[in-house]
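Let me begin by presenting the structure, written as structure tokens, before commenting on it.
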Amino acid sequence: MERLYLFFTLVFGILFLAGVVSSNDILTVEADIFSFPEIVMIDVQDHIYLGNVTVGFETKPTSNDKIFIKNTGTFNVSVQPKLVNFSDSVFGNLYFTKRLSGEDYNYSRIGQFKVDIPWSGELDQYEEEYIYMKLDLRDMENIDEDLIGYKTDIVFYATAN
241 MERLYLFFTL VFGILFLAGV VSSNDILTVE ADIFSFPEIV MIDVQDHIYL
291 GNVTVGFETK PTSNDKIFIK NTGTFNVSVQ PKLVNFSDSV FGNLYFTKRL
341 SGEDYNYSRI GQFKVDIPWS GELDQYEEEY IYMKLDLRDM ENIDEDLIGY
391 KTDIVFYATA N
């Protein structure tokens, strides 16, 4: 029995000394984990001046007349401009095109035009696209007086695609 006692004392002594000789330390790791942000967001300039437009004529956009649209969200988006006051007979004659020549040269009336803008793939960057707009008053006949400073608002609707 003494041998058994001596054996257990020796085993526990070795285990105790092994615990004293070894050393451990703990590092706590912490992070704020966010789910991937699902954001549809664009940024468009807030004003454009088309200049003097005479009834019976149309504006002629140039490379200086770009409307820039930034995709600042986290999706590829389709953007469609529409009039806030959809019954505006003057600005209902706005037309948009992606380019002034080539494959993407094709004017569409406001409300029917769409442009696709990809996501940059990075949260702190954006992709930008530009389009052109013209006001076509060639078929306009019912304006009897000058409309100086005539304005309208356009909403650019962005949807994920």
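Using our numbering, you'd call the opening residue of the sequence shown number 241 and step up by one each time.
Heads up, the beta-carbon is just placed ideally off N, CA and C, and yes, glycines get one too.
None of the values given here were measured: they were computed from a predicted structure.
Minimum C-alpha distance to residue i - residue among the options
i: residue 307; options: 319, 361, 296; result: 319
i: residue 301; options: 295, 291, 310; result: 291
i: residue 360; options: 327, 272, 281; result: 281
i: residue 385; options: 345, 367, 395, 293; result: 293
i: residue 393; options: 272, 275, 348, 286; result: 286
i: residue 341; options: 297, 371, 401; result: 371
i: residue 408; options: 275, 277, 305, 296; result: In the structure as shown, the chain starts at 241 and stops at 401, and residue 408 therefore has no counterpart that could be examined.
i: residue 353; options: 325, 321, 310, 284; result: 321
i: residue 350; options: 317, 325, 265, 296; result: 325
i: residue 396; options: 275, 323, 364; result: 323
i: residue 296; options: 398, 387, 383; result: 383
i: residue 328; options: 347, 364, 390, 343; result: 390
i: residue 373; options: 283, 276, 303, 388; result: 303
Residue i - DSSP class collapsed to helix/strand/coil
i: residue 333; result: helix
i: residue 381; result: coil
i: residue 369; result: strand
i: residue 278; result: coil
i: residue 242; result: helix
i: residue 298; result: strand
i: residue 376; result: strand
i: residue 341; result: coil
Beta strand (DSSP E) segment containing residue i, residue limits
i: residue 282; result: 282 to 284
i: residue 318; result: 317 to 323
i: residue 400; result: 394 to 400
i: residue 355; result: 355 to 357
i: residue 292; result: That residue, residue 292, is in no beta strand (DSSP E); it is neither H nor E in DSSP.
i: residue 307; result: 307 to 311
Integer Cβ distance of residue i from residue j, believed to fall under 8 Å
i: residue 375; j: residue 299; result: 5 Å
i: residue 317; j: residue 338; result: Not confirmed; about 15 Å, so no contact.
i: residue 311; j: residue 357; result: 4 Å
i: residue 309; j: residue 362; result: Not confirmed; about 18 Å, so no contact.
Across the region 318 to 334 and the region 363 to 381, are there enough close Cβ pairs to call them in contact, namely three or more that are closer than 8 Å?
yes
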